[in-house]
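A short write-up of the structure that comes next.
2 protein chains.
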Amino acid sequence: METIEMLKNAKAVAGTIATLSTEQKNTALAEMADALLAHTADILNANEEDMTAAKGDISDVMLDRLMLNDARIQSMVDGIRDVIKLEDPVGRVLEETMPKEGLKVRKISVPIGVIAIIYESRPNVTADAAALTLKSGNVCVLRCGREAYKTSRAIIDAMKEGLAKAGVDEAAINLVDDTSRESANTLMTSPEYVDLLIPRGGAGLINACVKNATVPCIATGTGICHVYVDASADLEMAVKIVNNAKTSRPSVCNAEEVLLVNKDIAEQFLPMIRKALVDDRIAEGLIPVELRLDETAQKIIDGVPAGEQDFDTEFLDYILAVKCVDSADEAIAHIRAHSTGHSDAIVTSDDAIADRFTLLVDSAAVYVNASTRFTDGGEFGLGCEIGISTQKMHARGPMGLREINTYKYVITGNGHIR
Amino acid sequence: METIEMLKNAKAVAGTIATLSTEQKNTALAEMADALLAHTADILNANEEDMTAAKGDISDVMLDRLMLNDARIQSMVDGIRDVIKLEDPVGRVLEETMPKEGLKVRKISVPIGVIAIIYESRPNVTADAAALTLKSGNVCVLRCGREAYKTSRAIIDAMKEGLAKAGVDEAAINLVDDTSRESANTLMTSPEYVDLLIPRGGAGLINACVKNATVPCIATGTGICHVYVDASADLEMAVKIVNNAKTSRPSVCNAEEVLLVNKDIAEQFLPMIRKALVDDRIAEGLIPVELRLDETAQKIIDGVPAGEQDFDTEFLDYILAVKCVDSADEAIAHIRAHSTGHSDAIVTSDDAIADRFTLLVDSAAVYVNASTRFTDGGEFGLGCEIGISTQKMHARGPMGLREINTYKYVITGNGHIR
């Protein structure tokens, strides 16, 4: 189907989907999960075709992200069943006032409408996004990367079968057939049909959307996350936090990329960090972290000299840029200038410095004595996550079901005039 | 000053302004109000220069909007003093959870940062916007129309004097010196400095911003508002509401532009409407409303035949497009297709139809048996208004102080790792 025609259909059905009851939506989700499981063989076949075609074209990391097996499909199915348990975000009365006798003003949560999501090769995003947008009363138009199209198509076809079984219009979930740049442009520039665009992927995709979109767009995911170790820090705790933030899963957006160290403790702390991130890991047969050091740090420990760009790079790898600073204020200024506004942490035992840091660091999640790795819808108790917003409009940080709703005012009177 | 330099200064001071205490902000607002009053003569002189230059270039309505006198300056001063009384929106703990023992996640309201506002000729917007952005911890960069520049400059200079007296950085409030199209483009395309753009003005300005802005932008104000009179309506009430929505202040965005009438009551209701909006007004020496009628309505009352475009026009004048519909569902479908998402109303005595209307009409404010004219920050109890959002992201309907804040997550642990 032409992308624009798909968008028209999506918009046309948005009113109906927005007003489904919680029970109707949960029944549909259960059917979608069952259908996905029933079509496991079809989905695996489609995935094998995608994998064969992609080999050589994309990296091994991307190939692994694309690959499905029984366990991964089961995990998608479980994910959909988990969404059934989540609270329906639609129809909550957020505020209620009576500005005039008999004139009731209620602020009520409602779905946004048509949500377009542009992503890359992970097939589980297809199932996740479809389930979360449906539960929140929205219609989704998904556009995956070319290399994942057949897999995503098989997943969506199965889910549409489930929708039909539950008596819900199949146009509630959509996968764009055209995986060329043109379809992405259509999604970005159709404000009459698209109420919200969520790009999920690398900085290139996000920037293209922010720059070209005439539809409302939420920038997600890019994370140049900092940990600042203050002079007042418990250094053992600081090593534990830096190690976790950097090495527990370096490929994700809430992983640490830059370590800032107060000069007063640098001579003591940097050797501890080098031991934990390099020497101990080598001894344990793990990949050591490459330390990219500013001039001061180079005088204290061994490592690669850091270039200017190392403090503005999302490595997503076993690489850590290290800079020594004179004070907490210098750390705050560095973070304000270089952070992508995702997650930044301080390790300190001084409450006044902690307060100053959380007040002045202008990021979605600001941590005191904890790892940046906690920035996640599940960890924050949202139950799920459709993306992590790194901008300030509408939603910030992990976005769950409530964050893909908006509100309207419903005013009831008895002939009231102004 | 160059616009880009002004933006850099604004961004540089945003952290300081965001962390001012309520007391500091209120002291500054009091000084700003006093300074404005003390400089009444300067402001009136500047306004006279603007008025002289603008005569012949802009319409009488625009000239009236531009014109200041003692009373209007006093009203701006009173407006600033009212802002002092409003609750500080910054630093509210919106949610607090403890997902793990000892790991506290707080969601806290914070200012957005640098807010750019592009508007036209009303000088009171200058004073209002500066006061509201300061109270909400934001830095404003204002760009008024060319014809209002000298007046706005005099207002901002006076307010900056007040800021300085209160010891607050003058870069907290800014007026762009360049009133050419270029400065508007700079504001729209500087995401590194501008956190939010609010255009206030005609549809042309709003559309240009939505289309060209690479900064987050909130579309405001365009109001093609509908009143639907159902077959079940109390017709006396319906006349009162339609009359108020259309004629109490036709030039504002929450005024009615389109009347939809159920066919079952059209023969009875349309003559009542014609009497109230045309005949009675002529008898009272008031401007009568020009009725632009669809074919069905033309058979019942006299009026101008409506053209297709009349149902997609914000008249802002004594003009009302009238259409007859078969059912509430047809009215809902018409509104979903033609409304700008501002304010739409139904008059009905049937609760089920009212519920269906409020559920399905996808506008910021949906009314049952009340006039659309209530869509206003003051009327809704927000205490003020920086604009009325007609889009679904971030804020919808009247935007007060809370709506120009965002939030951040502050997470405190005790060495927590994931």
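Here the protein sequences come in this chain order: L and Z.
Following this note's numbering, the numbering of the first sequence begins with 1 at its first residue and continues without gaps.
Following this note's numbering, the numbering of the second sequence begins with 419 at its first residue and continues without gaps.
By construction, the Cβ of each residue, glycine as well, lies at the ideal position given by its N, Cα and C atoms.
For serine 327 (chain L), the closest Cβ of chain Z is not nearer than 8 Å. In the three-state DSSP reduction, leucine 777 (chain Z) falls in the helix class (H, G or I). Taking the beta carbon of methionine 76 (chain L) as reference, no residue of chain Z falls within 7 Å; the closest one sits roughly 23 Å away.
Under the Cβ criterion (8 Å, minimum of three pairs), the region 514-523 of chain Z does not count as touching the region 496-505 of chain Z. Here asparagine 243 (chain L) carries a helix assignment [DSSP, helix/strand/coil]. Between the alpha carbons of leucine 447 (chain Z) and isoleucine 530 (chain Z) lies a distance of about 19 Å.
Among the residues of the region 785-814 of chain Z, those with a Cβ less than 7 Å away from any Cβ of chain L are Tyr785, Val786, Asn787, Ala788, Ser789, Arg791, Phe792, Glu797, Phe798, Gly799, Gln809, Lys810, Met811, His812 and Arg814, in the order of the chain. Glutamate 284 (chain L) sits in coil when the DSSP states are folded into three classes, being neither helix nor strand. Under the three-state reduction of DSSP, asparagine 672 (chain Z) is assigned to coil, being neither helix nor strand. Apart from the 5 residues on each side of it in sequence, valine 743 (chain Z) sits with its Cβ closer than 8 Å to the Cβ of Tyr646, Leu678, Val679, Asn680, Lys681, Ala749 and His752 in its chain, given in chain order. Near chain Z, meaning a CB-to-CB distance below 7 Å, the residues of the region 243-269 of chain L are Asn244 and Ser248. Contact between the region 612-619 of chain Z and the region 454-467 of chain Z is absent, with fewer than three C-beta pairs closer than 8 Å. With a minimum length of 3 residues, the unbroken runs of beta strand (DSSP E) contained wholly in the region 611-650 of chain Z fall at 614-617 and 643-647. Interface criterion met: the Cβ of threonine 437 (chain Z) is under 8 Å from a Cβ in chain L. If you check each beta-carbon in the region 79-107 of chain L against every beta-carbon of chain Z, the ones closer than 7 Å belong to Thr97, Pro99, Leu103 and Val105.
Residue pairing by DSSP places isoleucine 319 (chain L) opposite L:Glu290 in a beta bridge. For aspartate 648 (chain Z), there are no neighbours in chain L by C-beta distance under 8 Å, as the nearest C-beta there is about 14 Å away.
Note that the region 803-816 of chain Z touches the region 633-642 of chain Z; at least 3 beta-carbon pairs, one per stretch, sit closer than 8 Å. The Cβ atoms of glutamate 31 (chain L) and lysine 165 (chain L) lie closer than 8 Å to each other. Between the alpha carbons of leucine 653 (chain Z) and isoleucine 683 (chain Z) lies a distance of about 9 Å. Residue contact with chain Z for glycine 202 (chain L): absent (no Cβ-Cβ distance below 8 Å to any residue of chain Z).
Distance from the CA of arginine 667 (chain Z) to the CA of threonine 437 (chain Z), rounded to the nearest whole angstrom, comes to 40 Å. Taken through DSSP and simplified to helix, strand or coil, methionine 1 (chain L) comes out as coil.
Taking 4 residues as the shortest admissible run, the region 112-176 of chain L contains the following complete alpha helix (DSSP H) segments, listed from N- to C-terminal end: 123-135 and 149-165. Under DSSP, the beta-bridge partners assigned to lysine 107 (chain L) are L:Glu95 and L:Tyr409. Linking glutamate 797 (chain Z) to asparagine 542 (chain Z) through their CA atoms gives a straight-line distance of about 19 Å.
Under the 8 Å criterion on CB atoms, lysine 826 (chain Z) is classed as interfacial with respect to chain L. Around the beta carbon of serine 75 (chain L), fewer than 16 other beta carbons sit within 10 angstroms, so the residue counts as exposed. In this structure, L:Thr151 is the residue among L:Thr151, L:Leu293, L:Asp195 and L:Thr412 with its C-alpha nearest to the C-alpha of leucine 175 (chain L).
By the Cβ test, the region 279-293 of chain L is in contact with the region 304-319 of chain L, since at least three Cβ pairs between them sit closer than 8 Å. In this structure, the straight-line span from the alpha carbon of aspartate 317 (chain L) to that of glutamate 295 (chain L) is close to 22 Å. Contact between alanine 10 (chain L) and valine 114 (chain L) holds: CB atoms are separated by about 5 Å, below the 8 Å threshold. Counting along the chain, serine 183 (chain L) sits inside the alpha helix (DSSP H) bounded by residues 181-188. Beta-bridge pairing by DSSP links valine 61 (chain L) to no other residue. Contact between isoleucine 536 (chain Z) and leucine 623 (chain Z) holds: their C-beta atoms lie close to 7 Å from each other, under 8 Å. Against chain L, the CB of valine 479 (chain Z) has no partner CB under 8 Å away; the residue lies outside that interface.
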